[in-house]
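In UniProt numbering, the protein residues as written are 10 to 273.
Notes for the one structure printed next.
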Ligand code: KIV
Ligand code: NA
């Protein structure tokens, strides 16, 4: 199988091939995901919750991200390595470049992910123009948890939906090559996906995105607490870690996941 690169992402979209993405935080699981055919590995700042045991992602540092990215890098050959920029590490352009440079140079990131639009668009452009490919992230942006008042579905009202469509176009215009849509109604994600040239990756965003992402611990059913609607425990049908990841990849490729029961 061919190495996944930034230019191959638009090719997936053009050909109508679905993109599979999973989070990962260490080398052993990275090797498992690679062998199962996962296209993009995301070192998510969700590690603040599933690895560090915190209630949200706000305390994750750039050094935390570098540590986990470097470990994942050693276990990864074929998948594209995408790494989250943590809370406030892209508050201005210079900070964003300093942080992203570390994620690339020390962590081996091939693309970095920033949440939001508005003032974040300047940071997206600054990085993209300096040879650091960028993934946007809209809808439920977990770094906004204190403003949002919890982890809730976004874009339900018409005005919020229109704003989200505009933000998605601006993120693409700013230079992003990929866009994660988290917890938005399926119809809205479908509309954004059709209006953008860059691929969209959904989580709790219906089946019409160009790809799907889940948190690895959710897919394996080991995340403590209530399971959100969009999560499926693939370990039950996969029978093993490797089987569960393969089942996810196949379900994304053939459009079996997510089903209506996983969508808003
Ligand atoms: O940190 C993370 O795991 C993420 C995904 C849920 C998209 O950003
Ligand atoms: Na994240």
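Note that CB positions come from ideal geometry on N, CA and C, so glycine has one too.
Everything numeric in this text was worked out from a predicted model, so none of it was measured.
- In the DSSP secondary-structure assignment, residue 120 is bridged to 91.
- Taking the Cβ atoms as the reference, residue 38 lies roughly 6 Å from residue 225, within the contact range of under 8 Å.
- Residue 183 and residue 232 have their alpha carbons spaced roughly 35 Å apart.
- The C-beta separation of residue 87 from residue 157 comes to about 36 Å, leaving the pair out of contact by the 8 Å criterion.
- Put simply, the stretch 93 to 110 touches the stretch 58 to 70. At least three CB pairs are less than 8 Å apart.
- Rounded to whole angstroms, the separation of the alpha carbons of residue 80 and residue 126 is 30 Å.
- Comparing alpha-carbon positions, the option among 238, 262 and 245 lying closest to residue 210 turns out to be 262.
- For residue 14, the CB stays at least 7 Å from every heavy atom of ligand 2.
- Here the stretch 150 to 170 makes no contact with the stretch 114 to 121; the two share fewer than three CB pairs at distances below 8 Å.
- Counting the other Cβ atoms within 10 Å of the Cβ of residue 206 gives fewer than 16, which makes it exposed.
- Scanning the stretch 188 to 246 for uninterrupted beta strand (DSSP E) segments of 3 residues or longer gives 209 to 212 and 220 to 223, listed from N- to C-terminal end.
- Per the Cβ contact rule, the stretch 235 to 249 is not in contact with the stretch 45 to 53 (fewer than 3 Cβ pairs under 8 Å).
- Judged by DSSP secondary structure, residue 17 falls within the alpha helix (DSSP H) whose first and last residues are 15 to 24.
- Short note on residue 237: C-beta not closer than 7 Å to any heavy atom of ligand 2.
- In this structure, DSSP gives residue 150 a state outside helix and strand, which the three-state scheme calls coil.
- The Cβ-Cβ distance between residue 221 and residue 266 falls below 8 Å.
- Those residues whose C-beta sits under 5 Å from the nearest heavy atom of ligand 2 are, from N- to C-terminal order along the chain, 53, 54 and 93.
- The beta carbon of residue 133 sits no closer than 7 Å to any heavy atom of ligand 1.
- Secondary structure note for residue 254: its alpha helix (DSSP H) is the uninterrupted segment 250 to 262.
- Going by beta carbons, residue 135 and residue 105 fall inside the 8 Å limit.
- By the Cβ rule, the stretch 252 to 261 does not count as touching the stretch 138 to 151, because fewer than three pairs are nearer than 8 Å.
- In the DSSP assignment, the residues bridged to residue 29 are 221.
- A residue is called buried when at least 16 other Cβ atoms come within 10 angstroms of its Cβ; residue 12 does not meet this threshold and is exposed.
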